[in-house]
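J.: Protein chains in written order, with the working numbering: chain A, 122 to 197; chain B, 305 to 500. All residues carry an ideal CB built from backbone N, CA and C; glycine is no exception. Here the structure is a predicted model, which is why all the values come from computation and not from measurement. First, the structure itself, so that you have it in front of you.
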Amino acid sequence: MRLARVTLAAAVVAVTWAADLAYACPSCASPLEENRQAFVDTTVFLTIVPLMMIGGFIWWLRRKIREMDGAPEIHP
Amino acid sequence: MPDDALGLPYSVPARREPVLPNGVLGMLIFVATEIMFFSGLISAFVIGKSNAIGGWPPPGQPRLPVEETALNTAALLASGVALYFANRAFKRGDAKTKRLLLISIVLGGFFVVFQGAEWVALIGEGLTVTSGQLGGFFYLLVGTHALHVVAGFIILLYTYRKLLHDDLDRFTFWPAQVFWYFVVGVWPILYWQVYL
């Protein structure tokens with residue numbers, strides 16, 4: 122049991138020791154300012170687009186429901 | 305007012321016309337995911353373009369046909385406008401609906417055929433998926449859009465067939481329109497990013 126724990130701890134230390142920098146995308150390592158800017162711009166864009174879509178839909182839905190408040194009922 | 309078994313008065317819940325037909329809501333959700341998909345592709349392209357050494361478009365690569373595609377863009381936009389007027393005519397029960405929907409379909413078909421011809425010419429000039437970053441991104445972005453145009457074209461043909469058989473209702477026509485407006489609306493952004 123103790124041996125297993127020591128082995129596990131040694132493995133964790135070994136993995137931690139061996140770890141190096143990992144670049145997730147070309148932008149992270151790019152020295153080009155234009156590239157860094159493009160990365161920031163697209164991040165902002167991809168964050169804003171879903172918020173605008175969901176926000177716009179909720180706004181439209183609310184307006185439509187208010188408009189329909191006085192609409193006649195359907196009798197089955 | 306009659307009472308039910310528990311002695312409570314019957315109450316019929318008020319029913320109103322739904323704010324959105326289910327088909328339209330479903331298509332809107334689908335289009336929202338498509339918008340995110342295309343946003344991701346465009347973002348990757350913008351970053352790839354800014355990362356290109358030696359400028360963009362890369363030197364030694366064939367140039368994309370900007371003017372000819374502008375004409376094709378106009379055809380696709382006109383198709384969207386024709387569909388809009390087809391819907392207005394449809395709401396009025398006007399016989400013009402058939403003609404306007406047919407115009408929209410023909411213009412969409414023109415876009416597909418023109419795009420195919422453009423691809424044949426570009427492949428002939430040496431621009432392929434593996435020829436470089438330009439070719440890779442071009443066929444990925446424009447090809448993905450082309451697949452959507454073909455799908456939208458088939459959907460419009462289906463609605464036209466239903467219209468000919470006097471079987472078209474708004475629950476079929478409106479979702480088809482939502483999809484086609486998306487296909488039309490995303491193209492100018494792709495044209496601006498990829499061609500200009």
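Should the region 325-339 of chain B be called in touch with the region 417-432 of chain B, which here means at least 3 C-beta pairs below 8 Å?
T.: Touching, no, given that fewer than three Cβ pairs across the two stretches are closer than 8 Å.
J.: Starting from the Cα of G358 of chain B, find the closest Cα among B:F414, B:L438, B:I409, B:L444 and give me that residue.
T.: Of B:F414, B:L438, B:I409, B:L444, the residue nearest in Cα terms is B:L438.
J.: How many angstroms separate the CA atom of F486 of chain B from the CA atom of V453 of chain B?
T.: When rounded, the distance between both Cα atoms is 10 Å.
J.: Mind the definition here: the region 335-342 of chain B touches the region 167-174 of chain A only if three or more C-beta pairs lie below 8 Å; say whether that holds.
T.: Counting Cβ pairs under 8 Å, three or more are found: they touch.
J.: What do you reckon, are the CB atoms on L380 of chain B and V488 of chain B nearer than 8 Å?
T.: Yes, Cβ-Cβ distance for L380 of chain B and V488 of chain B is below 8 Å.
J.: Of all Cβ atoms in chain A, is any one closer than 8 Å to the Cβ of I493 of chain B?
T.: No, I493 of chain B does not count as interfacial toward chain A.
J.: Considering E321 of chain B, what are the terminal residues of the alpha helix (DSSP H) in which it resides?
T.: Here E321 of chain B belongs to no alpha helix (DSSP H), and DSSP marks it neither H nor E.
J.: Against chain A, does M305 of chain B count as a neighbour if the rule is that its beta carbon must be under 8 Å from one of theirs?
T.: Bear in mind that the predicted position of M305 of chain B carries a pLDDT of just 49, short of 50, making it unreliable; the figure below should be weighed with that in mind. So no, M305 of chain B is outside the interface.
J.: Since V488 of chain B meets chain A, which of its residues come closer than 8 Å, beta carbon to beta carbon?
T.: Under the 8 Å cutoff, chain A gives no residues; its nearest Cβ is about 18 Å from V488 of chain B.
J.: Can you find a CB in chain A that lies within less than 8 Å of the CB of N355 of chain B?
T.: With 8 Å as the cut-off, N355 of chain B counts as an interface residue toward chain A.
J.: Indicate whether at least one CB of chain A lies closer than 8 Å to the CB of V350 of chain B.
T.: Yes, its Cβ sits closer than 8 Å to a Cβ of chain A.
J.: The alpha helix (DSSP H) that contains Q437 of chain B, what's its start and end?
T.: It spans 437-468 - the alpha helix (DSSP H) in which Q437 of chain B sits, taken as one unbroken run.
J.: Measuring alpha carbon to alpha carbon, tell me which residue in B:K402, B:R367, B:L332, B:A348 is nearest A425 of chain B.
T.: Closest by alpha carbon: B:R367.
J.: With a cut-off of 8 Å, do at least 3 Cβ pairs link the region 151-161 of chain A to the region 348-365 of chain B?
T.: In short, these stretches touch, since the Cβ pair count reaches three.
J.: Determine the DSSP secondary structure at A386 of chain B, reduced to helix, strand or coil.
T.: In the structure shown, A386 of chain B sits in a helix (DSSP, three-state: H, G or I).
J.: Express the C-alpha separation of D190 of chain A and M305 of chain B in angstroms, rounding to a whole number.
T.: Because M305 of chain B carries a pLDDT of 49, less than 50, the predicted location of this residue cannot be relied on, and no value is offered for it.
J.: Suppose you measure from the CA of G330 of chain B to the CA of A480 of chain B; what does that come to, to the nearest Å?
T.: Going by the C-alpha atoms only, they are around 11 Å apart.
J.: Using a Cβ cut-off of 9 Å, pull out every chain B residue sitting near I179 of chain A, in sequence order please.
T.: Chain B residues near I179 of chain A: none, gap ~12 Å exceeds 9 Å.
J.: Just by C-beta distance, which residues in the region 160-171 of chain A are closer than 9 Å to chain B?
T.: Within the region 160-171 of chain A, the residues whose Cβ lies closer than 9 Å to some Cβ of chain B are F160, D162, T163, T164, F166, L167, V170, P171, listed in chain order.
J.: The alpha helix (DSSP H) with L426 of chain B in it runs from where to where?
T.: Segment 400-428, the alpha helix (DSSP H) holding L426 of chain B.
J.: Drop a sphere of 10 angstroms on the beta-carbon of A421 of chain B, count the other beta-carbons inside from all chains shown, and report buried for 16 or more, exposed for fewer.
T.: Exposed, because fewer than 16 other Cβ atoms sit within 10 Å of the Cβ of A421 of chain B.
J.: Look up S347 of chain B in the DSSP assignment and say whether it is helix, strand or coil.
T.: Correct three-state label for S347 of chain B: helix.
J.: So the alpha helix (DSSP H) T163 of chain A belongs to, where does it begin and stop?
T.: Segment 154-188, the alpha helix (DSSP H) holding T163 of chain A.
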